Amino acid sequence: MKRGRWWMAVPPALFIGWFFLYPVGELLRLSLTQPWSGRLPGGVILFTLGQALASTVLTLLVALPLTAVLSNFDFPGRSAVRAVVTVPFVMPTMVVAAAFLSLGLPASIWTILLAHAFYNLAVVVRTVGTTWSRLDRLPYDSARVLGAGRFTAFRSITLPMLKPSLLAAAAIVFLFSFTSFGVVLVLGGLKYRTIEVEIYRLAVTFLDLPAAGALAIAQLLGVGLVMAVYARAQRGAPTQLVPEMSRLRRPGRRTGLVWAVVGVTLALEVTPLVALVRRSFQGNGAGWRFLAEAGTTAVTPAQAITNSLRFASITVVTALLLGGLAAWVIAGSGRRWSRYLDLTLMLPLGTSAVTVGLGFLVALDRPVDLRTSWLIVPIAHSLIAIPFVVRVTVPALRSIRAELMEAAAVLGASPRRAWRVVELPLVARSLAVGGGFAAAVSLGEFGASTFIARPATMTIPTLLFRLLGRPGSASYSGAMAMAVILMVVTAAVMLLADRGRVGEMGAF
Amino acid sequence: MLECRQLTKRFGRRSALDRLDLTVATGEILAVLGPSGSGKSTLLRSIAGLEDLDAGSVWWDGEDVTTKPVHQRGFGLMFQSYALFPHMTVGENVGFGLRMQGAEDVAERVREALAWVGMAGFADRTVEGLSGGEQQRVALARSLAPRPLMVMLDEPLGALDRMLRRRLLRETEEILRATSTTTIYVTHDHEEAGALADRIAVLREGRIIQTGTLEELAARPADPWVAEFVQDDH
Amino acid sequence: MRHRSSVVFCLFGVALLGLAACGAGDTPSTTQPTTSTSATVTTLASPSTTGGKAPVTLTLLSHDSFAGAVTDETFAAFTAETGVEVRVLAAGDAGAMVNQAVLTKDNPIADVLFGIDDTFLSRGLDEGIFTPYRSRHLEAIPDELQLDPGGRVTPIDYGDVCLNYDLAAFGAGEIPPFNLEQLLNPEFAGMLVVEDPSTSSPGLAFLLATIASFGEDGWQQYWEQLIDNGAKVVPDWNTAYYSEFSRYGGDRPIVVSYATSPVAEFLFADPPVEAAPTAVITEGCYRQIEFAGILVGTEQRVAAGLLVDYLASPEFQSTIPITWFVLPANERAEIPAEFTRHTIFPAAPLAIDPATVAANRDRWIREWSEIVLP
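Residue numbers (my numbering), protein chains in the order written: chain A, 8 to 515; chain B, 4 to 237; chain C, 1179 to 1552.
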């Protein structure tokens, strides 16, 4: 169905062009024109690809049972489970890695994969889950009536309908695992190095930009390859979606199974978090006392929370606006350049934070010098958040039958009115999920925001790291308490996003 | 009065509408009869403005509306697939066109329209719980409620059982006559066409082969194919 | 419409290339160092240099450790004295900060850089990112800290990377190791955790300490033996200290940390303790010095000099220990009693001159990796 004017692509294209393509291009050009140091980084590429693939598979395997349960059954605490599952997503990798170690897990490749699954479960649950919970039951039920067993019906009916969102989730999980830094650094011992860790070492320890640049290009090529495969795999008719509540059933006979799945998966997600909570309360709440005392920290936790929420709101608005425009254009009938836009918007997910951060510094000094402006922080966050919004909104848009919009037009709705009154409410849930991701990305300070020179405004993660950076049990417990605060704020924002209603007539 | 002049629409190399001419008098109920693939839906969509014509023009009361945007034409269209808005209640669906018009007595007229199709009291129900027949009737009510200049019904009674169909056919005719609504009624059932319409137009491969009352068509078919088509063979 | 979409795509591509081309290769000369006034600047700090003009704001680039502890009070006295506001930028860790300064040297993002340490000093000086400035406080700073004869950077603070051990792990009669060679003894097998020099600053310092101790010919063998004796290597200080150190639940009672770590352990203990629970091994420490310098291309040469002076002044220097847990370079600064009471500072820490470090760091780290990694 034709939708969106071509001009809708301009703002997101300008954004990604000016704040990503240009800085990264500039940095790469600069690094490659410097004299070669002789260092040949190469061995890490295969390992990085391999662990990313393995992480993606493991994450999908671990996440799908819970996703299935959340998409098909309505049970008390369902929205709470959805919110809790997203909390790991924003936790700083150093903190999580430490929690894993404190649970007695050894530094090994399996722990790395497990940590990736821990983080990225939320991506699968929220992207695949949103689609799954809105699949029409009818085809599945008819298949069962025609004699197909449960698994066969799932495999031949449900799975193909889920394919687009499964691929989208897999792509995002892959990219995150591909560029994973903290987890690999801490939990990989010294044996395992990914491209991201190598780029960091080369750029920051050895100040060897040419080698880092070469690796960054290899990283981009790897990402480009994966995106090409992803784009090819995404062809096929869009899935028809129905209102969520029509699919959800009470567990009934399945209650035991439902709770078992929820319990086991939550155990994986929650145990490391519980370890953090317990540590924050060690010594009778030493950490909380530390935070409460004035003067022990440069800013109060309340100020850090406010700063984080401020950045997060800007990121959410930017991501929804630009991502929304892009999604509308991309969801229209497959114009080739819109597909290029789609893939380009995904690139930041697979690009080293070092590359993007340093790229900002070399590129963004003209016409306005943004290099050290506070704006840089939400811009860096938005680069990561926009592809999320696009990934969850496009399928929802594609699932709206053209006839619905035509019916609205025939009944007298101008295109803009039809958009506001029919189209927007139907994708409201996806937009809320996208907005939730954007908030999570910003709260957890993803992406390049750690490699730029920013005004010293403390956010929750930066205060956390400040406390973690010096010895002292109260200081450390204080850091754990900040981690708990981050968890609570994130969960609250997620619950809010799940209730989100956009558009005149309400949504699912 | 609706005038279609030389409507031409191609999909690839196939001609869905082939220099089609059609006239519908104001207040007339015209049935368009034809087999599947004859271009019935394309005809309705083209008149509504949902399809761009390759050639030809659409005129209403002497005004060329070919380039007028869909939402300004004032034609009603009931889709074969109903296309009910899933996120709205029955009442909100039926009242949609009225709200777009800015009507003041929306609730009253929604009630009226629902009564026409025998779905009084369904206003607050959600769409997804409805059976096929109920959905169809809601779709019909939705297209009639705004009292459009002309209404086009695409196989509006297909999903209903015989008794309901007969009843609804009578009631639909009553409403249409009472409001003097110009109507194009697409069907493949010649009995239905004969019972309801003032005139029937037979459509085949994008062209109107013949128009006339059912008796005229049966008595003087333009070719053997038409004869067979209008023959009572059950 | 295929034709139209490819035209649009080409236009976008051309636009982007155009933008990139504009940005490439030209160095804007928007900033001119005001060398004309430099002669008078080096002598006195003059209050209210701005008179009735608009307030001057200086940008100070530093790493997260420094910037994260900056409050409104940090530079309040400076602003009151000189009328100059200070805006602090946090740039990540020290290496990232130097990287950023080098990358932007043609159009600097700050006026003053603070936090470049001796291991990165050579690189910074070679890249020419600093413009010389001699603070009037230099006379109060010991000679051994003044690593740059060219006067391009001013020493501000120093710290020592030392082995720390957990007092609780060594009961009555058990003596902890007192120098690097002792770490090889079987009685201390499996007790040590160190950081990877390629990803950790204290890790690098410890490696340099072993190189300074055992020389080019001996350090590799030392490390082989150290690993044979069960030393564990982790990527960063955080993991070493908070995950592996026995004080925090790990099983390694000896860790590479800082000379001031026991003081922090005392001050930030909850419930409060009588004495620091950890102690320092004073042999085998490595000295780290941090410098501040005025960046080439600054438009506020005068004010920048004032800021460097302030950073080196006894007034500011006295706040350094308790805020950042390093020692002030200015001998006239006061060191709080807790510092001398709860730890021992090494009398003769090891050091290698910056130029040698810069020239050999890559090779050393590579050789180290080959020895240490399985």
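By construction, the Cβ of each residue, glycine as well, lies at the ideal position given by its N, Cα and C atoms. Being a predicted model, the structure only gives us computed values, none of them experimental.
Contacts that residue i makes with chain A (C-beta to C-beta distance below 8 Å)
i	result
residue 1374 of chain C	197
Rounded straight-line distance, which links the Cα of residue j to that of residue i
i	j	result
residue 1229 of chain C	residue 1261 of chain C	Reliability of the predicted coordinates at residue 1229 of chain C is poor, the pLDDT of 49 falling under 50, and the value obtained from them is presented with this limitation in mind. Near 9 Å, if we compare the C-alpha coordinates of residue 1261 of chain C and residue 1229 of chain C.
residue 1387 of chain C	residue 138 of chain A	58 Å
residue 1201 of chain C	residue 291 of chain A	The predicted position of residue 1201 of chain C is uncertain, since its pLDDT is 34 and thus under 50; a value taken from the coordinates is nonetheless stated next. Looking at the two C-alpha atoms, the distance is approximately 56 Å.
residue 317 of chain A	residue 497 of chain A	14 Å
residue 230 of chain B	residue 35 of chain B	16 Å
residue 1491 of chain C	residue 1416 of chain C	32 Å
residue 58 of chain B	residue 20 of chain B	10 Å
residue 264 of chain A	residue 165 of chain A	20 Å
residue 92 of chain A	residue 1277 of chain C	38 Å
residue 1183 of chain C	residue 348 of chain A	The pLDDT assigned to residue 1183 of chain C is 36, lower than 50, so where the model puts this residue is not dependable, and the model offers no usable value.
residue 1286 of chain C	residue 1279 of chain C	7 Å
residue 1220 of chain C	residue 1305 of chain C	Its pLDDT being 37, under 50, residue 1220 of chain C is placed unreliably by the model, and the measurement read from it follows with that caveat. Residue 1220 of chain C and residue 1305 of chain C: Cα-Cα distance of roughly 24 Å.
residue 1222 of chain C	residue 1250 of chain C	Per-residue confidence for residue 1222 of chain C stands at a pLDDT of 38, beneath the threshold of 50, marking its modelled position as unreliable; the derived number appears in the next sentence. For residue 1222 of chain C and residue 1250 of chain C, the distance between alpha carbons rounds to 25 Å.
residue 168 of chain A	residue 402 of chain A	11 Å
residue 1364 of chain C	residue 504 of chain A	58 Å
residue 45 of chain B	residue 77 of chain A	42 Å
residue 1208 of chain C	residue 376 of chain A	Its pLDDT being 35, under 50, residue 1208 of chain C is placed unreliably in this model, and the value from its coordinates should be taken loosely. Answer to the nearest angstrom: the Cα atoms are 12 Å apart.
residue 165 of chain B	residue 260 of chain A	40 Å
residue 1368 of chain C	residue 1422 of chain C	12 Å
residue 150 of chain A	residue 160 of chain A	6 Å
residue 1186 of chain C	residue 337 of chain A	Residue placement at residue 1186 of chain C is poorly supported in this model, since its pLDDT is 40, which falls under 50; the coordinates still yield a value, given next. Near 15 Å, if we compare the C-alpha coordinates of residue 337 of chain A and residue 1186 of chain C.
residue 1212 of chain C	residue 1475 of chain C	Legend: pLDDT at residue 1212 of chain C = 38, less than 50; position of this residue unreliable, value from coordinates given subsequently. The alpha-carbon atoms of residue 1212 of chain C and residue 1475 of chain C are separated by roughly 9 Å.
residue 43 of chain A	residue 206 of chain A	15 Å
residue 42 of chain B	residue 111 of chain B	37 Å
residue 1533 of chain C	residue 123 of chain A	41 Å
residue 287 of chain A	residue 480 of chain A	10 Å
Contacts of residue i in chain B (Cβ-Cβ under 8 Å)
i	result
residue 331 of chain A	The premise fails here: residue 331 of chain A is roughly 18 Å from chain B at the closest Cβ pair, so nothing lies under 8 Å.
residue 433 of chain A	89 and 90
Chain A residues whose Cβ lies nearer than 9 Å to that of residue i
i	result
residue 1482 of chain C	Simply none; closest approach about 16 Å.
Proximal residues of chain B, C-beta to C-beta of residue i below 7 Å
i	result
residue 414 of chain A	82 and 86
residue 420 of chain A	74 and 103
Cβ separation of residue i and residue j, assumed to be a contact under 8 Å, to the nearest whole Å
i	j	result
residue 326 of chain A	residue 175 of chain A	The Cβ separation is near 16 Å, so there is no contact.
residue 113 of chain B	residue 162 of chain B	About 22 Å separates the two Cβ atoms, so there is no contact after all.
residue 1393 of chain C	residue 212 of chain A	Not really, about 24 Å apart at Cβ, beyond 8 Å.
Chain A contact residues for residue i, given Cβ-Cβ distances below 7 Å
i	result
residue 73 of chain B	416 and 417
residue 1540 of chain C	213
Where residue i meets chain C, residues with beta-carbon distance less than 7 Å
i	result
residue 220 of chain A	Result: empty, since nearest Cβ-Cβ is about 12 Å, beyond 7 Å.
residue 480 of chain A	1446, 1447 and 1448
* Residues of the segment 1444 to 1455 of chain C whose Cβ lies closer than 7 Å to any Cβ of chain A, in chain order -> Cβ contacts with chain A come from 1445, 1446, 1447, 1448 and 1449.
* To do: Evaluate contact between the segment 1311 to 1324 of chain C and the segment 1366 to 1373 of chain C, counting only Cβ atoms and requiring at least three cross-stretch pairs below 8 Å.
  => No: the two stretches stay apart, fewer than three of their Cβ pairs being nearer than 8 Å.
* Asked: Does the segment 1266 to 1285 of chain C come within contact of the segment 445 to 461 of chain A, defined as at least 3 CB pairs closer than 8 Å?
  -> By the C-beta criterion, the segment 1266 to 1285 of chain C is judged to be in contact with the segment 445 to 461 of chain A, since at least 3 inter-stretch pairs fall below 8 Å.
* Answer yes if the segment 49 to 66 of chain B comes into contact with the segment 8 to 15 of chain B, meaning at least three C-beta pairs across the two stretches below 8 Å, and no otherwise. => By the Cβ criterion, the segment 8 to 15 of chain B is in contact with the segment 49 to 66 of chain B, since at least three pairs of Cβ atoms, one from each stretch, lie closer than 8 Å.
* Contact list for the segment 149 to 161 of chain B against chain A, Cβ threshold 7 Å -> Answer in chain order: 149.
* the segment 1232 to 1240 of chain C / the segment 1477 to 1494 of chain C touching (three or more Cβ pairs under 8 Å) -> Counting Cβ pairs under 8 Å, three or more are found: they touch.
* Asked: Just by C-beta distance, which residues in the segment 1482 to 1498 of chain C are closer than 9 Å to chain A?
  -> Of all residues in the segment 1482 to 1498 of chain C, none has a Cβ within less than 9 Å of some Cβ in chain A.
* Counting pairs of beta carbons, one from the segment 485 to 496 of chain A and one from the segment 466 to 474 of chain A, are three or more of them closer than 8 Å? -> Contact between the segment 485 to 496 of chain A and the segment 466 to 474 of chain A is present, because at least three Cβ pairs lie under 8 Å.
* Asked: Does the pairing of the segment 1330 to 1349 of chain C with the segment 1454 to 1473 of chain C give three or more beta-carbon distances under 8 Å?
  -> Flag = yes, the segment 1330 to 1349 of chain C and the segment 1454 to 1473 of chain C touch.
* Asked: Does the segment 23 to 31 of chain A come close enough to the segment 365 to 377 of chain A that 3 or more CB-CB pairs lie under 8 Å?
  -> Below 8 Å, enough C-beta pairs join the segment 365 to 377 of chain A and the segment 23 to 31 of chain A to call them touching: three or more.
* **Inter-stretch contact (C-beta, 8 Å, three-pair minimum) for the segment 377 to 393 of chain A and the segment 43 to 63 of chain A** => With a cut-off of 8 Å, the segment 43 to 63 of chain A and the segment 377 to 393 of chain A do not count as touching, because too few Cβ pairs lie within range.
* Anything in the segment 353 to 371 of chain A with a Cβ closer than 7 Å to a Cβ of chain C? List those residues in chain order, please. => Using a CB distance below 7 Å, the part of the segment 353 to 371 of chain A facing chain C consists of 365, 368, 369 and 370, ordered along the chain.
* Could you tell me whether the segment 343 to 361 of chain A touches the segment 419 to 427 of chain A, using the rule of 3 or more Cβ pairs below 8 Å? => Output reads no: the segment 419 to 427 of chain A does not touch the segment 343 to 361 of chain A.
* Touching by the beta-carbon criterion (3+ pairs, under 8 Å), the segment 187 to 205 of chain A and the segment 94 to 109 of chain A -> Yes, since at least three Cβ pairs between the segment 187 to 205 of chain A and the segment 94 to 109 of chain A fall closer than 8 Å, the two stretches touch.
* Examine the Cβ distances between the segment 116 to 127 of chain A and the segment 176 to 184 of chain A and report whether three or more of them are shorter than 8 Å. => Judged by Cβ distances under 8 Å, the segment 116 to 127 of chain A makes contact with the segment 176 to 184 of chain A, as three or more pairs qualify.
* Where the segment 76 to 109 of chain A meets chain C: residues whose CB sits under 8 Å from a CB there -> For the segment 76 to 109 of chain A, the set of positions with a beta-carbon nearer than 8 Å to some beta-carbon of chain C reads 101, 104, 105, 108 and 109 in chain order.
* Asked: Just checking, does the segment 58 to 67 of chain B make contact with the segment 85 to 96 of chain B on the three C-beta pairs under 8 Å criterion?
  -> Contact between the segment 58 to 67 of chain B and the segment 85 to 96 of chain B is absent, because fewer than three Cβ pairs lie under 8 Å.
* chain A contacts from the segment 1287 to 1315 of chain C (Cβ-Cβ distance under 7 Å) -> From the segment 1287 to 1315 of chain C, only 1287 and 1301 have a Cβ closer than 7 Å to chain A.
* To do: Check each residue of the segment 293 to 324 of chain A: if its Cβ is closer than 7 Å to any Cβ of chain C, include it; give the result in chain order.
  => Contact annotation: in the segment 293 to 324 of chain A, residues whose CB is within less than 7 Å of a CB in chain C are 293, 296, 297 and 305.
* Members of the segment 40 to 68 of chain B near chain A, C-beta cut-off 9 Å -> Residues passing the 9 Å Cβ filter: 48, 51, 52 and 53.
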